[in-house]
Amino acid sequence: MNASQVATRELSFYTGGTWEAPAGAPFHDVVNPATGAVLARVPYASAAHVDATVRNAHAAFLSWRETPVVDRVQVLYRFKTLLEAHAEELAQTLTSENGKTIDDARAEVRRGIQMVEVACGMPSLMMGDSLNDVARDIDCHTIRQPIGVCAGVTPFNFPAMVPMWMYPFAVACGNAFVLKPSEKVPLTPTLAAELLDRAGVPAGVFSLIHGGKEAVDALLRHPLVRAISFVGSTPVARYIYKTAAAEGKRVQALGGAKNHLVVMPDADLRKTVEAIIGSAFGAAGERCLAGSVLVPVGDAAGPLLDLLLERTRGLRVGDGASEGTEMGPLVTREHRDRVAAYIDAGIDEGAVPLCDGRPLNTHEGFFLGPTIFDRVTPEMRIAREEIFGPVLSVIRVRTLEEAIDLVNGSEFGNASSIFTSSGKAARTYAAKVEAGMVGINVGVAAPMAFFPFAGWKGSFFGDLHAHGKDAVSFYTEQKVLMSRWF
Ligand code: NAD
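Its first residue numbered 3, the sequence shown is counted upward by one per residue in our numbering.
Below, the structure written as structure tokens:
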């Protein structure tokens with residue numbers, strides 16, 4: 003091979019503590035969305051690969067659960083140090099395969115590290131309750147025990163952070179964990195797994211496999227997998243929830259979103275516009291917390307849209323790896339075309355485009371500029387369906403009550419924000435809105451690692467949410483002990 007023929011890197015599975023090139027697996031390209039260049043090739047696991055990985059994980063679980071929690075978290079302390087040392091490499095890898103800006107990628111890596119930091123507190127988080135003399139000479143206390151092999155299936159849009167919503171908590175609780183990240187962005191989770199390996203995680207306690215539906219179905223049906231954590235689109239979340247529950251597994255399935263941003267006439271318009279830009283066009287709209295419907299109330303619309311349009315037209319769209327880029331490309335050509343088709347649909351349905359991102363659609367990579375539609379009505383597809391791209395639909399309403407009714411009419415209930423200087427309006431909105439995460443003068447209401455990620459309605463299937471104390475409950479089984487000594 004000469005210097006100009008550099009072989010494309012082929013990824014492996016991390017299973018039973020070793021990196022394995024899986025025999026007979028088909029490989030698919032991993033593509034840089036800003037350039038269209040092939041970055042690597044990812045193998046897809048078969049049901050047989052999944053079975054071997056889960057069996058290794060189960061064997062590892064049997065001794066890991068007996069390792070004291072104070073020793074288990076030492077692995078995570080070392081992992082955190084390695085993540086800090088490699089944070090920039092992780093962020094650059096993330097931008098290269100996902101397309102988000104390097105600043106966004108750095109922020110995502112930071113959020114991931116915070117998950118590890120919180121999971122390091124597991125000796126306190128796992129404590130049970132205790133009460134002596136619940137009856138004469140009888141004491142009662144609860145303990146939390148790990149449940150076994152847990153699996154995680156994650157989406158393309160947060161390849162560093164979303165897997166870390168899961169495995170640091172699961173592993174610190176004493177479980178073994180098998181991660182199947184999005185096949186579109188396998189490089190960031192691979193780098194994180196290499197660091198976890200260097201941190202000394204025991205063989206089989208953490209495993210990484212790649213693939214698509216066949217691998218996921220094998221995890222859903224494997225008798226040794228006790229719990230499934232899923233994050234992705236609503237149709238797949240619903241399928242995961244139903245299938246895993248029918249197999250008797252514990253399941254948390256986080257789905258898609260259609261988030262509304264309500265702006266009252268008394269809002270601080272300049273700050274509100276900055277928040278809207280970040281929410282609607284940050285990460286090219288590929289966030290489950292992205293603002294997708296803007297709801298100006300009463301007189302707010304005129305001045306708000308003037309300012310918003312001016313700022314949107316000045317957005318710097320380009321390769322996320324270049325410092326100063328404000329919006330990168332969409333993740334794949336197919337996804338870019340799907341989002342562009344929503345712009346066509348909006349125009350067909352009679353919405354008025356104030357700016358149209360489609361002309362940018364000519365670059366090498368999978369670019370689409372920001373689009374804002376005015377005069378959108380609630381029944382239009384662009385008002386109802388998750389687009390997952392830089393398209394903002396404006397629905398004008400007359401009153402706060404009308405805004406709340408509109409938001410609560412959505413099938414989704416992930417997040418919603420209100421912008422106002424009125425405490426009363428904010429309080430009313432927070433109380434009445436049917437969404438699990440509410441922003442008050444905050445455009446992306448993303449809970450920190452020590453709070454739960456709390457979607458509602460069609461945005462979440464299950465009861466215990468991701469990270470925070472919910473993660474500790476999800477990844478442990480409770481036992482109640484009653485004791486009497488004669
Ligand atoms: P996706 O549903 O297409 O894929 C998610 C995961 O499921 C991937 O690992 C994929 O391989 C697997 N998968 C896809 N189709 C499957 C099938 N038919 N059967 C079994 N497994 C399947 O989602 P995506 O496009 O990677 O991510 C974007 C979606 O994720 C958006 O809808 C977004 O709102 C959502 N999301 C939600 C949250 C949240 O916290 N609620 C966070 C991030 C992303």
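Quick reminder that beta carbons are idealized off the backbone N, C-alpha and C, glycines included. Computed from a predicted structure; not experimentally measured.
Whole-number beta carbon distance between G348 and M382, since they are thought to touch under 8 Å | Counting from one through the sequence shown, the residue named residue 382 turns up at place 380. Counting from one through the sequence shown, the residue named residue 348 turns up at place 346. Correct: roughly 7 Å between the Cβ atoms.
Does the distance from the C-beta atom of V40 to that of V33 stay below 8 Å?
-> The residue given as residue 40 occupies position 38 in the sequence shown. The residue given as residue 33 occupies position 31 in the sequence shown. In contact: V40 and V33 (Cβ atoms closer than 8 Å).
Is it true that the region 212-231 meets the region 79-92, where meeting means three or more beta-carbon pairs spaced less than 8 Å apart?
-> no
Any contact of the region 86-97 with the region 202-218, i.e. 3+ C-beta pairs under 8 Å?
-> no
Measure the alpha-carbon distance for A49 versus E91 and round it to whole angstroms.
-> As a position in the sequence shown, residue 49 is number 47, starting the count at 1. As a position in the sequence shown, residue 91 is number 89, starting the count at 1. Rounded to the nearest angstrom, the two C-alpha atoms are 32 Å apart.
Which term fits R146, buried or exposed, when burial requires 16 or more other beta carbons within 10 angstroms of its beta carbon?
-> The residue given as residue 146 occupies position 144 in the sequence shown. That one is buried.
Would you decide whether A5 is buried or exposed? Buried here means 16 or more other CB atoms lie within 10 Å of its CB.
-> Along the sequence shown, one-based indexing puts residue 5 at 3. Caution is warranted here: a pLDDT of 42 is assigned to A5, below 50, making its placement in the model unreliable, and the coordinate value is therefore given only provisionally. Classification of A5: exposed, given that the 10 Å Cβ count is below 16.
Measuring alpha carbon to alpha carbon, tell me which of V71, L256, G114 and L222 ends up nearest L466.
-> The residue given as residue 466 occupies position 464 in the sequence shown. L466 has its Cα closest to that of L256, out of V71, L256, G114 and L222.
Under 8 Å between the Cβ atoms of F158 and S132?
-> Position 156 of the sequence shown, counting from 1, holds the residue named residue 158. Position 130 of the sequence shown, counting from 1, holds the residue named residue 132. Not a contact, by the Cβ cut-off of 8 Å.
For S294, does the count of other Cβ atoms within 10 angstroms reach 16, so buried, or fall short, so exposed?
-> Reading the sequence shown from its first residue, position 292 is the one you call residue 294. Result: buried.
8 Å contact criterion, which Q254 and G464 should meet: CB distance rounded = Within the sequence shown, the letter at position 252 stands for residue 254. Within the sequence shown, the letter at position 462 stands for residue 464. The pair is a contact, with the Cβ atoms about 4 Å apart (cut-off 8 Å).
When every heavy atom of ligand 1 is checked, does at least one fall within less than 7 Å of the C-beta of E325?
-> Stepping through the sequence shown from its first residue, residue 325 is reached at position 323. It does not: the Cβ of E325 is nowhere closer than 7 Å to a heavy atom of ligand 1.
Leaving aside the five residues before and after A239 along the sequence, list all residues of the same chain whose C-beta is less than 7 Å from its C-beta, in chain order.
-> Stepping through the sequence shown from its first residue, residue 239 is reached at position 237. The answer, listed in chain order, is F232, A255, L256, G257 and F463.
Which class does Y16 belong to by DSSP, given the choice of helix, strand or coil?
-> Taking the first residue of the sequence shown as 1, we reach residue 16 at position 14. Reduced to three states, the DSSP call for Y16 is strand.
Helix, strand or coil at P191 according to DSSP, with G and I counted as helix | Residue mapping note: residue 191 aligns to position 189 of the sequence shown, counting from 1. Of the three classes helix, strand and coil, the one that applies to P191 here is helix, per DSSP.
Considering F232, what are the terminal residues of the beta strand (DSSP E) in which it resides?
-> Taking the first residue of the sequence shown as 1, we reach residue 232 at position 230. Here the beta strand (DSSP E) through F232 covers V227 to V233.
Nearest to Y46 (by Cα), restricted to the options M128, P267, A194 and G213 = In the sequence shown, counting from the first residue as 1, residue 46 sits at position 44. Nearest option by C-alpha distance: G213.
Which ranges would you report for the alpha helix (DSSP H) in the region 271-324 if only whole runs of at least 4 residues count?
-> 271-283 and 303-315
When the Cβ atoms of the region 171-186 are set against those of the region 53-67, are three or more pairs found closer than 8 Å?
-> yes
Provide the residue(s) that pair with T145 in DSSP beta bridges, ordered along the chain.
-> Working through the sequence shown from its first residue, we reach residue 145 at position 143. For the record, residue 145 in the displayed sequence is Ile; it is not Thr. DSSP output for I145 lists K481 as bridge partner(s).
Could you say which of A220, G38, M266 and D268 lies nearest to T245 if we only look at CA atoms?
-> To locate residue 245, count along the sequence shown from 1; it is residue 243. Residue A220 is the option with its Cα nearest to T245.
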